[in-house]
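There are 2 protein chains.
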Amino acid sequence: MRQNISLEEAQHLLLERATSPGECELSIGEALGRIVSRDVVAAQSLPSFDRSPLDGYALRACDTMSAQPTQPVTLWVIEEIPAGRAAAKTVTGGTAAKVLTGAPIPEGADVVVKQEDVFVDGNLIHVFQPLRARNNVVHIGENIKHGEMLAKQGTIVTAAIIGLLAEQGIKTLYVYEPIKAAIISTGDELVGLDEPLTLGKIYDSNRHTLQARCKELGIDPVLLANVPDCRAQIAARIEEGLAAADVVITTGGVSVGDYDLVKDAVETLGASILFWRVDIKPGSPMLAAVKDGKMIIGLSGNPVAAMITFDLLAVPLLKKMMGYNKYFYSRLQGTLVNGFHKASEQRRFLRAKLLTESGRLWIRLMGMQTNSALKSMAECNLFVDIPAGSGALAAGETVLAHVVGKIQDVDE
Amino acid sequence: MRQNISLEEAQHLLLERATSPGECELSIGEALGRIVSRDVVAAQSLPSFDRSPLDGYALRACDTMSAQPTQPVTLWVIEEIPAGRAAAKTVTGGTAAKVLTGAPIPEGADVVVKQEDVFVDGNLIHVFQPLRARNNVVHIGENIKHGEMLAKQGTIVTAAIIGLLAEQGIKTLYVYEPIKAAIISTGDELVGLDEPLTLGKIYDSNRHTLQARCKELGIDPVLLANVPDCRAQIAARIEEGLAAADVVITTGGVSVGDYDLVKDAVETLGASILFWRVDIKPGSPMLAAVKDGKMIIGLSGNPVAAMITFDLLAVPLLKKMMGYNKYFYSRLQGTLVNGFHKASEQRRFLRAKLLTESGRLWIRLMGMQTNSALKSMAECNLFVDIPAGSGALAAGETVLAHVVGKIQDVDE
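The listed protein sequences correspond, in order, to chains A and B.
Residues 22 to 433 in this note's numbering are what the first sequence lists, from first letter to last.
Residues 22 to 433 in this note's numbering are what the second sequence lists, from first letter to last.
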């Protein structure tokens, strides 16, 4: 069992044991947000026929070489081709075909002139300038080439990807099966939302926060009943979790106190402990263990520490288990808008929010950085990564941050 | 009916007619991703009792004033208070109580000394330095004050908000009812995924793309059968949509050609047309109409134009109708990584992706900017807003972009 290891070592120990999900075939209408398990490439080039992007006349460019505003070329319109219908005739010298937006270009024609650029006189059109072949024609394969990647294994299915598949006539694709995570809160002090709150007790929020976090990720959360600080009960509940889910996540009871019994409980089960305590603040008291290939992650009972370590350690593991090919958070550099008055003996993660102004990235630290102030997580989308041994931070300093939340709602 | 209006005028015409959603009460476990319809404020300050953040001894700071490494102060430990239990005794001069992480501070005590900073000798502890009152105590109200905002009307319910409510013992909250959008594709050229593709036909992708886009937004999409270019059939289908949904969104048939019948169909229904054609590229051929207070939005049939105008015009309307208090996209300024060779006579939106490097925002334009290349949407999370009358764009120029997609997966 490793102790007091770095975040990166802990992540590595978890990730190297990530199990692989199953896969299933879904219709494209059901696949939004799922992870692609098999590459999908274009079966055909698109458009699959030369097509007009506008309403106009398809003709031969060479027929218009002598056209001038004062001496137009006159062509005979042999047919009208709406979108969705094939041309019946071939365009030969001196002829043109009316084409509507999306219509196929008839054989013989190599250019389309816009409707508003010609003069129509019954079955005749007058063209007033020479046209360049290929103009106003969307050519076969211009949008997508046969064999081009449409949906890459390990990426999430988006609306645009669904559209790309539909364009090809692809009805289904293979995606990974969802995974399940069991959630267990431990602690004598916890009461459920339906129980009375006596002095010294607190409502258990971790259960609800982690349930929501799992749902946000697309993971099926299995909520198990809370357990008091009792080794046998904790062990039994974890065993229940292992039977019901792919990963078991507990909160509370992982520190060094007499009532910190999760480590003992995990050992009782015969699980092998991968590590205990990670050298970060908040959240250092945590552990990871593995039993029969299934992971048990014990997080701090502190609401903020539980969320931060869930995000930094459990999320990459869960994403890899879900089939994502990118499971680490993106990181970015920005300038602090405000400072932080404490020195950081240990590596520290501060909750923060991204702002942008004039092409630069600014990072605002949340006001409350104490471990128990869950409010600091409410608007947080960045964890600022402060190296061990840093002094206080001043506004204007450049820091590195992990992008853990949605940052599309940047403040302007 | 206004014609060729600006994007902002079109948005305004839509937004001023946005209907308000109903509301319902949900348990916090079901509310993730929904929009808060009534402010929720803290009913109690948290913590609700002075609490120990660690394992240690609660005592009176004044008792330790004379403590020195060589001359420790000795205190008698009168009880042990685990988390979740109230103290039985009062700490008086010369006494201390063992407190575990999360335990309430007993009456009389005003400081906690860490377990590892004392020497334990049976029922006695030796303290080796003077302690400052209030140290290592999480005081009542330190995390949340009574009356503080927990969940604001018009914002989305996140995992952190659910945790904040659970901490308070709040079991339910009011959220807006979801809204419904009917989706109709029009065009003789369209075939469904189960139909054979003959020359001139294309698979309908808009239906699938817009369905997915609605789901991403949290809107219930009502998919109606496609209709050919026939005024009466289009009118009947729109009527069906109005009966089934809060908004009807069509694609195709909104240009100026002989087969562009959506405008006629809408007029047949007696709907009042708000505007036709918006002065942007791509997607200018579009219309909006209102019938009996319900909105009909007719988008271009072009897959990319349909997505862009859905995002720029329909999304703000839909978000307002869903109850969001922020319904416009955030915008940001960044530097182009690559150029765009065409001049822009009309205001133009280019598909792009956000990159960050060394605290600066970079914007990479997608390779294919033609209207029909849906692939350009696949990685797009920004629409670069190019003013009318702009020349070609060079790498290094600063541009303004609307954040339309997820940008947390920024490339490092």
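Ideal Cβ placement from N, Cα and C applies to all residues, glycine included.
- At a cut-off of 7 Å between beta carbons, Ser393/B contacts chain A.
- When beta bridges are read from the DSSP output, Ile318/A appears opposite Ile270/A, Ala309/A.
- Listed along chain A, the residues sitting closer than 7 Å to His229/B by beta-carbon distance are Ile49, Gly50, Ile183, Gly184, Ala187.
- What Glu46/A touches in chain B, judged by beta-carbon distance under 7 Å, is nothing: the nearest beta carbon there is about 14 Å away.
- Spatial neighbours of Leu244/B in its own chain (CB-CB distance under 7 Å, excluding positions within 5 residues in sequence) are listed in chain order as Ile204, Arg228, Gln232.
- Ser226/A and Ser411/B have their C-alpha atoms spaced approximately 54 Å apart.
- Cβ-Cβ distances below 8 Å link Ala104/B to Leu121, Thr122, Gly123, Ala124 in the same chain, with the five nearest sequence neighbours on each side left out; the list follows chain order.
- A check of alpha carbon separations from Ala187/B across His167/A, Ala187/A, Ile223/A, Thr272/A identifies Ile223/A as the nearest.
- Assigned with DSSP and collapsed to three states, Cys45/B falls in strand.
- DSSP, read as helix, strand or coil, puts His33/A in helix.
- For Arg234/A, the nearest CB of chain B lies under 7 Å from its own CB, placing it at the interface with that chain.
- Between Phe296/A and Leu34/A, the alpha-carbon positions lie close to 8 Å from each other.
- Within the same chain, Pro42, Ile56, Tyr197, Pro199, Ile200, Leu238, Gly239, Ile240 come within 8 Å of Met343/A by CB-CB distance, once the 5 residues on both sides are set aside.
- Taking a cut-off of 8 Å on C-beta distances, the region 147-165 of chain A touches the region 72-84 of chain A, as three or more cross pairs fall below it.
- In the DSSP assignment, Lys341/B falls outside any beta strand (DSSP E) and within the unbroken alpha helix (DSSP H) covering 336-343.
- In the DSSP annotation of this structure, the continuous segment of the beta strand (DSSP E) that includes Lys201/A starts and ends at 201-206.
- For Arg372/B, the nearest beta carbon of chain A is not closer than 7 Å to its own beta carbon.
- Nearest CB-CB separation between Lys363/B and chain A: not below the 7 Å threshold.
- Here DSSP, grouped into helix, strand and coil, assigns Pro127/A to coil.
- For Pro199/B, there are no neighbours in chain A by C-beta distance under 7 Å, as the nearest C-beta there is about 16 Å away.
- Under a criterion of Cβ atoms nearer than 7 Å, the residues of chain A adjacent to Ile165/B are, in order, Lys396.
- Between the alpha carbons of Leu185/B and Leu375/B lies a gap of roughly 32 Å.
- Interface residue (Cβ-Cβ distance to chain A less than 7 Å): Ala413/B is not classified as such.
- Contacts with chain B (Cβ-Cβ distance below 8 Å) from the region 328-341 of chain A involve Met328, listed in chain order.
- Within the DSSP bridge table, the entry for Gln354/B names Leu421/B as partners.
- Nearest C-alpha to Gly426/B among Leu414/B, Ala373/B, Gly417/B, Asp406/B: Ala373/B.
- Separation of Arg234/B and Cys251/B (C-alpha to C-alpha, rounded to the nearest whole angstrom) is 27 Å.
- Here the C-alpha atom of Ser393/A lies approximately 29 Å from the C-alpha atom of Thr113/B.
- Within the same chain, Phe149 come within 6 Å of Pro90/B by CB-CB distance, once the 5 residues on both sides are set aside.
- Rounded to the nearest angstrom, the gap between the Cα atoms of Met22/A and Ile294/A is 6 Å.
- Annotation: Gly77/B is outside any alpha helix (DSSP H); the continuous beta strand (DSSP E) that includes it extends over 77-80.
- Put simply, of Gly50/A, Leu28/A, Arg59/A the residue whose alpha carbon is nearest the alpha carbon of Asn346/A is Arg59/A.
- Within the same chain, and ignoring the five residues on either side of Lys110/B in sequence, the residues whose Cβ sits closer than 6 Å to its Cβ are Ile99, Glu100.
- Per DSSP, Ile182/A lies in no beta strand (DSSP E) segment; the continuous alpha helix (DSSP H) that holds it begins and ends at 180-188.
- Using a Cβ-Cβ cut-off of 7 Å, Pro103/A counts as an interface residue toward chain B, since at least one Cβ of chain B sits closer than that to its own.
- Considering only beta carbons, the part of the region 118-129 of chain A lying closer than 8 Å to chain B consists of Leu121, Thr122, Gly123, Ala124, Pro125, in chain order.
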